[in-house]
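To start, the structure under review is shown below, and the notes come after it.
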Amino acid sequence: MADLSRMSDRELLENNSADSEKIAELISRYMKTVFAAAVKYSNMADYEELVSDGMQGLMSAIQGYSSEKGEFSKYLSVILENRMKNTARRAIRHNNRLSGSQPEDFEKIPDTKPTPEEIVIDRESREALLRDMHTELTVLELRCIEGVMMGLSYGEIAKVLEIDRKSVDNAVTRARAKLRQFYADKI
10 MADLSRMSDR ELLENNSADS EKIAELISRY MKTVFAAAVK YSNMADYEEL VSDGMQGLMS
70 AIQGYSSEKG EFSKYLSVIL ENRMKNTARR AIRHNNRLSG SQPEDFEKIP DTKPTPEEIV
130 IDRESREALL RDMHTELTVL ELRCIEGVMM GLSYGEIAKV LEIDRKSVDN AVTRARAKLR
190 QFYADKI
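Take any residue in the sequence shown, count from 1 to its spot, add 9: that is its number in this note's numbering.
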């Protein structure tokens, strides 16, 4: 079997493969990008909602990518930026409705296009991210968070792992908290 960590994004995305191992490799490469985008918008919307929306954006980018769209990381950055801005706008509107105040000026939403330095740092940290997930999370937490990243419902994950849905919910909550704390300590 080929070492997926040595394959380029383009190789992993060939033929929009439904190979779960290739998808898992791409997710592990770009999870930190999703977390970083969520942090940038976390003052305007719930961090966990941003991460969840970002992971859905990552899955959408993987499924919708074609080589004509250019480099995958740039394509993903555009998708994440748009999704995060939309999530922030929804949160601002919702908060304004609850408080009865006038809509805020959406121009305050920051520009989150990655710099060349951020792109290089992201590429260098892919292997470290995968190692960190394997060292920080229990096997159950890792399997559950991988299921969530692949777009499976808690019920589907529970069925695959042959555990109850509440155990999946608890494992995902613990995994998110551990990863959030782990990366917060590194910032």
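We treat Cβ as the ideally placed atom computed from N, Cα and C, and that holds for glycine. On a predicted model such as this, the values are computed, not experimentally measured, just so you know.
query	result
For D194, which three-state DSSP category applies?	helix
How about the stretch 169 to 177 and the stretch 66 to 84: do they share at least three Cβ pairs that are nearer than 8 Å?	no
Go through its chain and collect everything with a Cβ distance to R19's Cβ below 8 Å, but skip five positions before and after it.	S76 and F81
Expressed to the nearest angstrom, what Euclidean distance is found between the alpha-carbon atoms of K168 and A46?	31 Å
Could you tell me which of E171, C153, V48 and T182 sits nearest to A33, measuring between CA atoms?	C153
Hey, how far is the Cα of R15 from the Cα of L35?	12 Å
Going by alpha carbons, who is nearest to R185 out of S61, S162, Q72 and M68?	S61
In terms of residues, what are the limits of the alpha helix (DSSP H) holding L149?	V148 to M158
With 16 as the cutoff for other CB atoms within 10 Å, does V148 come out buried or exposed?	exposed
Exposed or buried, S29, counting other C-beta atoms within 10 Å across all chains shown (16 or more means buried)?	exposed
Measure the alpha-carbon distance for Y39 versus A100 and round it to whole angstroms.	24 Å
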